[in-house]
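In terms of mature numbering (1 follows the signal peptide of the UniProt record, and there is no 0), the sequence shown is residues -25 to -1, 1 to 535.
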Amino acid sequence: MESMVMKVLIVQFLGFLLFEGFIHSDASIIRRTFVVQETPYTRLCSTKNILTVNGQFPGPTLYAHKDDTILVDVYNRGNQNITIHWHGVKQPRYPWTDGPEFITQCPIQPGAKFSQKILLSDEEGTIWWHAHSDWSRATVHGAIVVYPKKGTTYPFPKPQAEVPIILGEWWKSDVQAVLTEFLQTGGDPNVSDAFLINGQPDTFKLTVDHGKTYLFRMINSAMNNILFFAIAKHKITVVGTDGGYTKPLKSDYLAISPGQTIDFLLEANQQPDHYYMAAKAYNSASAVSYDNTTTTAIIQYSGNYTPSSPSPFPHLPAFNDTKASTNFTGSLRSLASKDHPVHVPLKISTKLFFTVSINTEPCDRNTSCEGPNDQRFAASVNNITFENPRIDILEAYYRGNNGVFGEDFPKFPPLAFDYTNQTIPVEYQRSTNATKVRVLEYNSTVELVFQGTNLVAGIDHPMHLHGYSFYVVGWGFGNFDKMKDPLKYNLVDPPLQNTIAVPKNGWVAIRFKANNPGVWLMHCHLERHISWGMEMAFIVKNGKHPNAKMLPPPPDMPPC
């Protein structure tokens, strides 16, 4: 009886969405089931139980067209709380199923179910889904493929085949134990034991036919590393990133941040043979331990031939080659065509300047920690280390509950200093713990400059914004110069992204229009940094028109 009532409520809600114009009459409604469960997997000659969706690792791929709606019934049959985030989906006016724990929802508890609605709008290309609670996303993740709107096609010659490539990370030990240990000790987490390609450290094989073109849909689901990737003796042509198209970019390699997706074409135009593809970490902080392994897979041409021995191996940039990382990312450009125009905000109403830093904080009394100077690692945005509330911010905002969060997240850091100096006073390392949001007026045009700092240790920070894509209009090294650097902005064809790596001791400038009301998380996608508190949230206020207001919550929100 309860199940029937819930189905009726969901049907009524879908009718409401259709009436409101958020389900297009020519779009499809797709229904899928996710069962979160413990499943034994063997990698690196050892077996352990991991959290999976439908017993698969990586998890199932969701397929849809632009403007479709996907309904995913999430059943938690695991032994821990879970949330699922639809990374790169803007969820227009509907933050309720965005997924981040204690930001837009309380977690789905073991034995419970939550029907999540994925409202696709202008996304086109590859995006993805992953757990957004603790470190569960290490094994709970998968691709979302958004095809062009029915009746349209790709802005490049249609490939003969498409291949999802998910780069991941594997620990022989239990991932939640890794999280618990480093939070208790205050130090860095234990590094992973291997990187993965489609769930395998070295056994994935792809057969290709000579003369055909393949569309690779790549996702970096690794927890703590920007990765370099290349294919032996083959150039790639980048055609998209983060659910949007780019101008074709030919390259011998790519650099991809955790959270980022890159679509690229591979022409199978070499002598038939077996060729390695490989990925390894980029690590710009010499004092930070990292997984120095290289994950491999094989591209094997079909036909009768004797393969070379050994198989050709690609050249990858050095692990600390900052120039290789930033040059690749800095070369991306939006397609900026008639069918895929850019809408870069030119008149800015809200200017924000956010420092992103590693910090330290004292240990508990009479104890010492494994961070610098026997302190505990922390991380911050504008010197505020985010503290999760015990009920979600969205619910508190929608219901008008006081005392859950503050609305005074600063537009600028509390102290201006030489952010990238090699010697910074130790007392600057302390941050303030708080749960604060920044409130944006509906339809305000926002320029946000991320400034990396050299506090504790300068390092790259792949920053991800929920509910939006943004234009990356500029970047550079050193301290941002508000008089000179904007003169070099690209306002013609900047890439449209949802995740961008702020370079070590550098800055990135983004622009977006705040036209999606709701509560939206922003955070570093290096998992250890978000665990230390490098996150904050925006509240985008409702507009005046009924179609500019947040939609109501679904009937089955998980209780806190």
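We treat Cβ as the ideally placed atom computed from N, Cα and C, and that holds for glycine. Here the structure is a predicted model, which is why all the values come from computation and not from measurement.
By how many angstroms is the C-alpha of G518 removed from the C-alpha of K524? 6 Å
Could I get the ranges of all uninterrupted alpha helix (DSSP H) runs contained in the region 37 to 92, with 4 residues as the minimum, in chain order? none
Using the C-alpha atoms, what's the distance from V183 back to residue 543? Lying outside -25 to 535, the shown extent of the chain, residue 543 is not represented and no answer is given.
Just reading off the beta strand (DSSP E) that V12 is part of, what are its end residues? The amino acid at residue 12 is misidentified as Val; the sequence shows Gln. Element bounds for Q12: 4 to 18.
Could you tell me whether the Cβ atoms of Y250 and I274 are closer together than 8 Å? yes
Could you pull the start and end residues of the alpha helix (DSSP H) that R503 belongs to? 502 to 507
Would you check if the distance between the CB atom of A299 and the CB atom of P292 is smaller than 8 Å? yes
Along the chain, which unbroken stretches of the alpha helix (DSSP H) at least 4 residues long are found entirely within the region 357 to 426? 368 to 374
Rounding to the nearest angstrom, what Cα-Cα distance links P233 and A272 in this structure? 20 Å
What's the call for E416, buried or exposed, on a 16-neighbour Cβ count within 10 Å? exposed
What are the boundary residues of the alpha helix (DSSP H) that F303 is part of? 297 to 305
Contact between the region 332 to 341 and the region 46 to 53 is defined here as three or more beta-carbon pairs at a separation below 8 Å; is this criterion met? no
Where does the unbroken alpha helix (DSSP H) through L154 begin, and where does it stop? 150 to 160
Kindly indicate the opening and closing residues of the beta strand (DSSP E) around Y220. 219 to 226
Suppose contacts are defined by Cβ-Cβ distances below 8 Å. Is K255 in contact with T236 by that definition? no
Assuming contact is defined by CB atoms lying nearer than 8 Å, are F452 and G481 in contact in what I supplied? yes
Spatial distance of Y38 from Q350 (CA atoms): 47 Å
Just to confirm before moving on: does the CB-CB distance between D238 and L181 stay below 8 Å? no
Considering Q245, what are the terminal residues of the beta strand (DSSP E) in which it resides? First-last for Q245: undefined, no H or E at that position.
Taking all protein chains shown into account, decide if H116 is buried (16 or more other Cβ within 10 angstroms of its Cβ) or exposed. buried
Which same chain residues end up closer than 7 Å to H105 when comparing Cβ atoms and leaving out the 5 residues on each side of it in sequence? H60, H62, R112, V115, H116, S196
With distances taken from CA atoms, which of T155, V447, N54, T101 is nearest V214? T101
Whose C-beta lies closer than 8 Å to the C-beta of K322 among residues of the same chain, with five residues either side of it excluded? T420
Considering only DSSP beta bridges, list what I141 is partnered with. I194
Any contact of the region 354 to 369 with the region 507 to 517, i.e. 3+ C-beta pairs under 8 Å? yes
P437 in three-state terms, based on DSSP: strand
Cβ neighbours of P176 in the same chain (closer than 6 Å, five flanking residues each side left out): A169, T270
CA nearest to the CA of A87, picked from K65, H107, T58: T58
Considering only their Cβ atoms, is the gap separating P223 from F131 smaller than 8 Å? yes
Which stretch, first to last residue, makes up the beta strand (DSSP E) that contains L181? 180 to 183
Segment contact flag, the region 459 to 469 with the region 200 to 213, C-beta cutoff 8 Å, min 3 pairs: no
Please classify N29: does DSSP put it in a helix, a strand, or coil? coil
Let's see if you can read the secondary structure: which residues bound the beta strand (DSSP E) around V115? V115 -> no beta strand (DSSP E), and no H or E assigned at all.
Same chain, Cβ closer than 8 Å to H436, five either side skipped, listed in chain order: V331, F425, G427, A476, V477, C499, L501, H504, M509
Beta carbon of K208 nearer than 8 Å to that of S226: no
Cβ separation of I141 and N173, assumed to be a contact under 8 Å, to the nearest whole Å: 6 Å
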